[in-house]
Amino acid sequence: MVDLMQKIVSLCKRRGFIFQSSEIYGGLANTWDYGPYGVELKNNVKHCWWKANVYEQDDIFGIDAAILMHPKVWKASGHLENFFDLKSDCKSCKLRFKTADLKDKEKCPECGGELTPPRPFNLMFKTTYGAVESDTSEVYFRPETAQGMFVNFLNILDSKHPKLPFGLAQIGKAFRNEVTPGNFTFRMREFEQMEIEYFVHPQDADKKLSEWIERRFNWYLNLGIKKENLRKRPHTKEELAHYAVACTDIEYHFPFGWAELEGIANRADFDLKQHAQFSGKDLRYFDEVKKERFYPYIIEPSGGVDRSVLAFLVNAYHEEKVKDDIRVVLKLHKDLAPIKVAVLPLLKNRPEIVELARKIARDLKKNFVSTYDDTAAIGKLYRRQDEIGTLYCVTVDVESLEDKKVTLRDRDTMQQDRISINQLREYLTDKLR
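Okay, so the sequence shown: first residue is 7 according to our numbering, each after it adds one.
Dropping the structure here:
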């Protein structure tokens, strides 16, 4: 299984999905850059999430809050007091380790040197805010996107006038200065979250929590995650966050073991009460029918974009023997595949074939994310497209000049059909619907 992870990392670099950040300078640990195909896959994951949770829901509204927020936000949220890890430093090699991950609490796992006693380190990145050095103040890069939705609760009530239950959805960057285990993009210091804050009447919280757990679990299944590699794991009372009364993780079976993709928590009324206390604003919801004011409970499905991308990559990776060769293919769901159609000329030394192929590629680009490639022999081009998960390859050959047809190759079955150029767009639209 570890070998599979190495294959994923190798494929991601070789095919332009994910690169080590600042690689020419030796890299920066646990930071990664998304290449041409990686950014398409990542955007597709985010689009599918947004479509399922905003476009297809009548009671959830989108928001995009700032990364930098007033320092009091993090005091109210409890992050200044509670958001820390116990860490130990090696006195010899100076590396820092999360104490909970150390099997031997006294010796460095890298060099065997002596470790310092565990000390608490806040996980938030700190910076200064202000144009003049003498007039600056400390602020933090947000460790989660959630607080931006809580502090905008009144703005949403005043502008949208929603009735309970309703939710806010946000996709955005978050930052945590934690020691990471090095499992590729699973845990990073700079990462992207997909979060929903769903406001409900307190008496409906348990029911809505169960509904959201099922909804989010099924979202992964609908996008092709194998059911045997997905599970729900309720939190014990001892591991609950300081704001939660209940939480269930959706976990994926990665090559390095079961690990969290998303947590669905019942945050109760902790957040709105805290921000009301620290801001002096009344953040209660007014029920016009019952004529009562109360703090809604909050159900929070919170998932990682980067973790989801990694899970979809691992899930889609497939090897099969074709004649005397091993074919590697990413069997990504059609909605996630970075490239839907690739147009390939069979003979790049025939200008008329190249011209026709380029014309077809330009026409298809109007409707599909597509590409044109003539940089290798047709067999290598097919394998290249298989490795990036391209759904269909359109091959233009000598006969195409006469019969006005092309060969359409299916990624998963490798079946090839002759399709009229005039019918190609309609055929692909039906397949990709």
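Every residue, glycine too, gets a C-beta built ideally from N, C-alpha and C.
Near residue i, which residues of its chain fall below 6 Å by C-beta distance, leaving aside the five closest residues on each side in sequence?
i	result
GLY154	ALA71
ALA250	ALA271 and ARG273
GLU405	none
VAL349	ALA363, ILE366, ALA367, TYR378 and VAL400
Taking the alpha carbon of residue i as the reference point, which residue from the options has its own alpha carbon closest?
i	options	result
VAL295	GLY178, LYS169 and ASN183	LYS169
ALA322	ASP275, ILE231, CYS399 and LYS100	ILE231
GLU184	TYR226, LEU129, PRO115 and GLN209	LEU129
GLU306	ALA211, ILE425, ASP9 and LYS104	ALA211
ASP403	ASP392, ILE256, ALA367 and ARG356	ARG356
ARG239	SER216, ASN228, ASP369 and TYR249	SER216
GLU268	HIS259, LEU342 and ASP275	HIS259
ASP288	LEU160, ALA274 and GLY310	LEU160
VAL335	CYS253, GLU393 and HIS281	GLU393
GLU116	PRO126, MET11 and CYS96	CYS96
GLU266	PRO208, LEU278, GLU432 and GLY310	GLY310
GLU203	THR134, GLY32, ARG439 and ASN59	ASN59
MET75	ASP341, ARG299 and PHE156	PHE156
GLU326	ARG221, ASP418, PHE292 and PRO302	ASP418
Check residue i in the structure and name its three-state DSSP category.
i	result
ASN183	coil
GLY178	strand
GLU234	helix
VAL251	coil
ILE345	coil
ARG221	helix
ASN355	coil
PRO240	strand
ASP95	strand
LEU160	helix
LYS437	helix
VAL189	The amino acid occupying residue 189 in the given sequence is Asn; Val does not appear at that position. If DSSP states are grouped into helix, strand and coil, ASN189 belongs with coil.
ALA211	helix
LEU170	coil
GLY22	coil
GLU150	coil
MET194	coil
LEU267	strand
LEU246	coil
Would residue i be called buried (16 or more neighbouring beta carbons within 10 Å of its own) or exposed?
i	result
ASP312	buried
ALA283	Checking the sequence, you will find Gln at residue 283 rather than Ala. When all chains shown are included, GLN283 counts as exposed.
GLN443	The structure shown does not extend to residue 443, since the chain is modelled only from 7 to 439, so the question has no answer here.
ASP409	exposed
ALA82	buried
TRP264	exposed
ILE332	exposed
LYS277	According to the sequence provided, residue 277 is Asp. The question's Lys does not apply to it. So ASP277 counts as buried.
GLY173	buried
ARG439	exposed
GLN280	buried
GLU257	buried
ILE30	exposed
THR254	buried
CYS99	exposed
Excluding the five sequence neighbours on either side, which residues of its own chain have a C-beta within less than 7 Å of the C-beta of residue i, listed in chain order?
i	result
LEU434	VAL347, PHE374 and TYR398
VAL360	PRO351, LYS354 and ASP380
ASP416	TYR398
HIS248	GLY84 and ASN88
LYS166	PHE67
PRO149	HIS85, PHE89, LEU129, MET130, ALA180, PHE181 and ARG182
Please go through the same chain and pick out, in chain order, the residues whose beta-carbon is closer than 8 Å to the beta-carbon of residue i, but skip the five residues on each side of it.
i	result
VAL315	GLY44, LEU47, LYS48, VAL51 and THR191
MET194	ASN36, THR37, TRP38, THR186 and ASP312
THR105	ASP91, LEU92, LYS93, SER94, LYS111 and PRO124
ILE345	TYR43, GLU46, VAL375, SER376, THR377, GLN391, ILE394, GLY395, THR396 and LEU397
Ordered list of alpha helix (DSSP H) runs contained in the segment 273-342, each at least 4 residues: 276-285 and 311-322
Those runs of the beta strand (DSSP E) which lie wholly inside the segment 365-435 and span at least 3 residues: 376-378, 398-402, 411-416 and 422-426
Whole runs of the alpha helix (DSSP H) within the segment 31-80, excluding any shorter than 4 residues: 42-56
Beta strand (DSSP E) runs contained entirely in the segment 95-148, provided each spans 3 or more residues: 102-104, 125-128, 132-135 and 143-146
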